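One structure below.
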Amino acid sequence: MFPRPIEQYGQGTRVAYNAVLPLALLVWLIPLLAVIWFSIKPGEDFTTGNYWGWPENGFQGITNYMTVFTQSAMPQYLWNSVIITVPTMFGAVALSCMTGFALGVYRFKGNLLIFFMFVAGNFVPFQILMVPVRDLTDQMGLYDTRLGLILFHVAFQTGFCTLFMRNFIRALPRALIEAARVEGISEWRIFWFVVLPLMKPAIAALCVLIFTFIWNDFFWAVVLTQSPESQPVTAGITAFNGQYRAMYHLMSAGSIVAAIPPVAMFFLMQKHFIAGLTLGAVK
Amino acid sequence: MRSIFKTGATALAAATMLSGVAYADGHGVSGPLRIFSDMSNPAPRAVMEDMVARFTAENPEVEVELVITDREAWKTQIRNVLQSGTADIVNWYAGNRMAPYVDAGLFMDISDLWEEGGLTETLASTQGSMTMDDGIWGVPYTYYQWGVYYREDIFAELGLEAPTTWEEELSNCQAIIDSGRACYTIGTKFLWTAGGWFDYLNMRTNGYDFHMDLTAGEVEWTDDRVRATFENWATLIEMGAFIADHQTYSWQEALPFMVNGEAAAYLMGNFAVAPLREAGLSDDQLGFYQFPQIDPSIEPGEDAPTDTFHIAANAENVEAAEAFLLFVASAENQTLINNGDNLGQLPVNANSGVDDDEFLNAGFEMLSNNAGGGIAQFFDRDAPAEMAQVAMQGFQQFMVDPSTLDQVLQILEQARGRIY
Chain B
250 MFPRPIEQYG
260 QGTRVAYNAV
270 LPLALLVWLI
280 PLLAVIWFSI
290 KPGEDFTTGN
300 YWGWPENGFQ
310 GITNYMTVFT
320 QSAMPQYLWN
330 SVIITVPTMF
340 GAVALSCMTG
350 FALGVYRFKG
360 NLLIFFMFVA
370 GNFVPFQILM
380 VPVRDLTDQM
390 GLYDTRLGLI
400 LFHVAFQTGF
410 CTLFMRNFIR
420 ALPRALIEAA
430 RVEGISEWRI
440 FWFVVLPLMK
450 PAIAALCVLI
460 FTFIWNDFFW
470 AVVLTQSPES
480 QPVTAGITAF
490 NGQYRAMYHL
500 MSAGSIVAAI
510 PPVAMFFLMQ
520 KHFIAGLTLG
530 AVK
Chain U
21 MRSIFKTGAT
31 ALAAATMLSG
41 VAYADGHGVS
51 GPLRIFSDMS
61 NPAPRAVMED
71 MVARFTAENP
81 EVEVELVITD
91 REAWKTQIRN
101 VLQSGTADIV
111 NWYAGNRMAP
121 YVDAGLFMDI
131 SDLWEEGGLT
141 ETLASTQGSM
151 TMDDGIWGVP
161 YTYYQWGVYY
171 REDIFAELGL
181 EAPTTWEEEL
191 SNCQAIIDSG
201 RACYTIGTKF
211 LWTAGGWFDY
221 LNMRTNGYDF
231 HMDLTAGEVE
241 WTDDRVRATF
251 ENWATLIEMG
261 AFIADHQTYS
271 WQEALPFMVN
281 GEAAAYLMGN
291 FAVAPLREAG
301 LSDDQLGFYQ
311 FPQIDPSIEP
321 GEDAPTDTFH
331 IAANAENVEA
341 AEAFLLFVAS
351 AENQTLINNG
361 DNLGQLPVNA
371 NSGVDDDEFL
381 NAGFEMLSNN
391 AGGGIAQFFD
401 RDAPAEMAQV
411 AMQGFQQFMV
421 DPSTLDQVLQ
431 ILEQARGRIY
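In the order they appear, the protein sequences are chains B and U. Count along the first sequence from 1, add 249, and you get the number used in this note's numbering. Count along the second sequence from 1, add 20, and you get the number used in this note's numbering.
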């Protein structure tokens, strides 16, 4: 097993480990803790230079979070994120279940070639797609719409999902599919009633992964959308960064709010998330 | 922010508005009107959408097609839009920033509209910055003042008055330094704040016209007049007028020095007032004065970055576009869009009302009546972007170590040779 469990090390190493681990954890979390701290401080603390100290006039956490929800377009941004993330998740996973099934079960000429094309797509750095994709969306009349973002994400994520699903389906016992064929069941029903139920763990893992990817996407949100009607929350947070002035306390509160759904998703579906990271890797 | 209108000004504004409508009706404007705007931040976006709604309500025959582009992205897109003839009206900036589009014949000369619409009187303060090659190329819709925001209570404690001359400025500053404070806070991490200092020192030392020639690349940076500006700057730096380590702060991070009384003043745009008030400075503690004169024979020039609307040279619906520009320039519209609930800046139209606010009033008064030299747009708008970047880097270096002046000027002069 790698890494070796800590219990198997000597006394000294274990003591050092126990001492250094909390410290490393703290250092690791400092940026996050700073954001949480800033999100409950009043705005004037940033102008008086009281960044880390106790706020003189008390904490303003509730006020800050209320402001984020009532006096900014934050609810709209959050809703946009949901509208973008959920269909993308379903779209990419549904498509990749089908492509994965086709590539994993059927033997036909060009199977490997098609599969490699899906995989190769993942190796294209998405930054170089920025200009062409933006132009394409513009010409299709989808620039600055949620649909444009959804379609692009579905297209781009399907490559990775197909790799994942195809490998998973390959690992299923072929005997199950052949037994169903012997019984004279149509291919469509084999997919629906035999393979799909077996894919549930993969589907769950993939849904969690894609949800997190898309929710946290900033790059494409900025490239393809720019109005509060269509921007997801990651891009919308910059609205607190006005033309002249950054509202650090509101930006921090907004960031915390934006981070809650993926973090909640992670803790609720932790098992699937970790499964998702390793499922595709083993095969 | 308080938003109490001056009733008199509003009535006046309404009267002016009527003439604007009459002009529009007289032409019976109709048809499609394509507006490309860069007002993409939330508040300006709402203002832009509201202006279109009100204009359409008054001119129901016009079908406005509004495209709002990200403010930064627009800087690279405007040329394409103007050349492809897809826009009737575009947003842009006043001053030298217009030059590429005026020179390329992409903006329409609207001098006649200024004459007929009475804009030469109502928008007099910016006529200079909208004029180029004997034409007038657009109308402004908003600007804001720059100047020195200072701690009145510290000045009172030391028995100082707001300075109007360079001698007073230097003696004030010495008194402030002797009391253990810095005269000025500044954060030059993002460079542009140093550009503000250079603008003012150069406009006071050599005048507005020289400053415009310099930013337009027509004067050598190694010129003795430029050196004179830097010498005045060096006087302040060497006496310790600025806070230490300013190159590590953003403009916002430099605010605490003023709030906590470690520095007495800040040369900044009017947007600095809101955070200073939030930090607990009352209007009794906070004051504003115009940057003091250095050479008494020179009319004061002021920085007031101005945002504008222009008609494309190949516009298809010129009449509707002209009606929209008159609508934008009207006192009523400018009062409304610049109030505290909207842009929170200064209207350009001299008949507009300003929110009852000490600093907005002071700025409106200063720009309307006491900026005889002319209105500059700020260093990074007056100079081409590439030149501004190099130059502001040089200003920062000079502020950190004034002895590098020769080296800095050499770099700037080389950049001038390359860029213009």
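We treat Cβ as the ideally placed atom computed from N, Cα and C, and that holds for glycine. The structure displayed is predicted, hence computed values, not measured ones.
Cβ-heavy atom distance, residue 474(B) to the ligand NAP, below 7 Å: The model depicted lacks the ligand NAP and carries no ligand whatsoever.
Among 306(U), 387(U) and 338(U), the one whose alpha carbon lies nearest that of residue 286(U): Here residue 286(U) is taken as the residue at index 266 of the second sequence, counted from 1. Ranking the options by Cα distance to residue 286(U), first place goes to 306(U).
Alpha carbon of residue 90(U) to alpha carbon of residue 59(U), nearest angstrom: Walking along the second sequence from the start, residue 90(U) turns up at place 70. Walking along the second sequence from the start, residue 59(U) turns up at place 39. Roughly 7 Å between the two C-alpha positions.
For residue 54(U): DSSP bridge partner residues: Residue mapping note: residue 54(U) aligns to position 34 of the second sequence, counting from 1. The partner list for residue 54(U) (beta bridge, DSSP) reads 85(U).
Boundaries (first-last residue) of the beta strand (DSSP E) holding residue 471(B): Against the first sequence, residue 471(B) aligns to sequence position 222. That residue, residue 471(B), is in no beta strand (DSSP E); its alpha helix (DSSP H) goes 468-473.
Contact set between residue 280(U) and chain B, taken where Cβ atoms lie within less than 8 Å: On the second sequence, residue 280(U) is found 260 positions in, with the first residue counted as 1. What residue 280(U) touches in chain B: 297 and 298.
Identity of the residues DSSP links to residue 521(B) by a beta bridge: In the first sequence, the residue the question calls residue 521(B) occupies position 272. Paired residue(s): none; residue 521(B) is not in a bridge.
Of the residues 113(U), 76(U), 74(U) and 92(U), the one placed nearest residue 331(U), counting alpha carbons only: The residue given as residue 331(U) occupies position 311 in the second sequence. Checked all of 113(U), 76(U), 74(U) and 92(U); the closest Cα to residue 331(U) is 113(U).
Closer than 8 Å to chain U by CB, residue 307(B): As a position in the first sequence, residue 307(B) is number 58, starting the count at 1. Interface with chain U (8 Å Cβ-Cβ cutoff): residue 307(B) is excluded.
Exposure of residue 135(U), with buried meaning 16 or more beta-carbon neighbours within 10 Å: Sequence index remark: in the second sequence, residue 135(U) carries index 115 (1-based). Exposed.
Rounded separation between residue 108(U) and residue 341(U) - CA only: Residue mapping note: residue 108(U) aligns to position 88 of the second sequence, counting from 1. Residue mapping note: residue 341(U) aligns to position 321 of the second sequence, counting from 1. About 6 Å.
Beta carbon proximity, residue 427(B) to chain U, threshold 8 Å: The residue you call residue 427(B) lines up with position 178 of the first sequence. It does not; no Cβ of chain U falls within 8 Å.
According to DSSP, residues forming a beta bridge with residue 313(U): For the purposes of this step, residue 313(U) is taken as the residue at position 293 of the second sequence. For residue 313(U), which the question treats as bridged, DSSP gives the partners 185(U).
For residue 457(B), the nearest candidate out of 410(B), 472(B), 380(B) and 311(B) (CA to CA): Along the first sequence, one-based indexing puts residue 457(B) at 208. Looking at the Cα atoms, 410(B) is the closest of the given residues.
Within-8 Å CB hit, residue 46(U) to chain B: Residue numbering aside, residue 46(U) sits at position 26 when the second sequence is read from its first letter. Residue confidence for residue 46(U) is low, a pLDDT of 44 falling below 50, so the modelled location carries little weight; the figure read from the coordinates is stated next. By this cut-off, residue 46(U) is not an interface position.
Opposing strand residues paired with residue 109(U) [DSSP bridges]: Translated into the one-based positions of the second sequence, residue 109(U) becomes position 89. For residue 109(U), which the question treats as bridged, DSSP gives the partners 55(U) and 331(U).
Cβ distance (whole Å) where residue 388(U) is taken to contact residue 145(U) below 8 Å: Taking the first residue of the second sequence as position 1, residue 388(U) is located at position 368. Taking the first residue of the second sequence as position 1, residue 145(U) is located at position 125. Right, the Cβ-Cβ distance comes to about 5 Å (below 8 Å), so this counts as a contact.
Alpha helix (DSSP H) segments (min. 4 residues) lying fully within the stretch 351-390 of chain U: 351-357 and 378-389
Contact with chain U by residue 491(B), beta-carbon distance below 8 Å: Mapped onto the first sequence, residue 491(B) falls at position 242. Judged by the 8 Å Cβ criterion, residue 491(B) is in contact with chain U.
Per-residue DSSP class, three states only, for residue 303(U): Counting from 1 along the second sequence, the entry for residue 303(U) is found at position 283. Coil, per DSSP.
Alpha-carbon spacing of residue 460(B) relative to residue 335(B), whole angstroms: If you number the first sequence from 1, residue 460(B) lands on position 211. If you number the first sequence from 1, residue 335(B) lands on position 86. Cα to Cα, residue 460(B) sits roughly 7 Å from residue 335(B).
Cβ contact (3+ pairs, closer than 8 Å) linking the stretch 439-447 of chain B and the stretch 387-405 of chain B: The stretch 439-447 of chain B is not in contact with the stretch 387-405 of chain B.
Short CB-CB distance (under 8 Å) between residue 254(B) and chain U: Within the first sequence, residue 254(B) is the residue found at index 5, counting from 1. False, the Cβ-Cβ gap to chain U never drops below 8 Å.
Spatially closest choice to residue 521(B) from 390(B), 451(B), 505(B) and 282(B), by CA coordinates: The sequence position of residue 521(B) within the first sequence is 272, counting from 1. The residue with the shortest Cα to Cα distance from residue 521(B) is 451(B).
Beta-carbon proximity of residue 315(U) to residue 224(U), cut-off 8 Å: The residue given as residue 315(U) occupies position 295 in the second sequence. The residue given as residue 224(U) occupies position 204 in the second sequence. It is a contact, given that the beta carbons lie within the stated cut-off.
Local Cβ density within 10 Å of residue 419(B), reported as buried at 16 or more and exposed below that: Translated into positions along the first sequence, residue 419(B) becomes position 170. Exposed is the call here.
Limits of the unbroken alpha helix (DSSP H) element including residue 448(B): Counted from its first residue, the first sequence places residue 448(B) at position 199. Under the DSSP assignment, residue 448(B) falls outside any alpha helix (DSSP H); it carries neither an H nor an E label.
Where residue 256(B) falls: helix, strand or coil (DSSP): Within the first sequence, numbered from 1, the residue matching residue 256(B) stands at position 7. Note: residue 256(B) maps to helix in three-state DSSP.
Buried versus exposed call for residue 352(U) [16 or more other C-beta atoms within 10 Å across all chains shown]: Here residue 352(U) refers to the residue found at position 332 of the second sequence. It counts as buried.
Residue 432(B) at chain U interface by Cβ criterion, 8 Å: Against the first sequence, residue 432(B) aligns to sequence position 183. Cβ-Cβ to chain U under 8 Å: no for residue 432(B).
Buried versus exposed call for residue 517(B) [16 or more other C-beta atoms within 10 Å across all chains shown]: Counted from its first residue, the first sequence places residue 517(B) at position 268. It is exposed - the Cβ of residue 517(B) has fewer than 16 other Cβ atoms within 10 Å.
Interfacial residues, the stretch 45-72 of chain U to chain B, with Cβ spacing under 9 Å: 60, 61, 62, 63, 64 and 65
With 16 other Cβ atoms within 10 Å as the buried cut-off, status of residue 87(U): Within the second sequence, the letter at position 67 stands for residue 87(U). It is exposed - the Cβ of residue 87(U) has fewer than 16 other Cβ atoms within 10 Å.
Short CB-CB distance (under 8 Å) between residue 85(U) and chain B: Position 65 of the second sequence, counting from 1, holds the residue named residue 85(U). Answer no: the Cβ-Cβ gap between residue 85(U) and chain B never drops below 8 Å.
Validate contact between the stretch 164-172 of chain U and the stretch 322-331 of chain U using beta carbons, cut 8 Å, 3 pairs: The stretch 164-172 of chain U is in contact with the stretch 322-331 of chain U.
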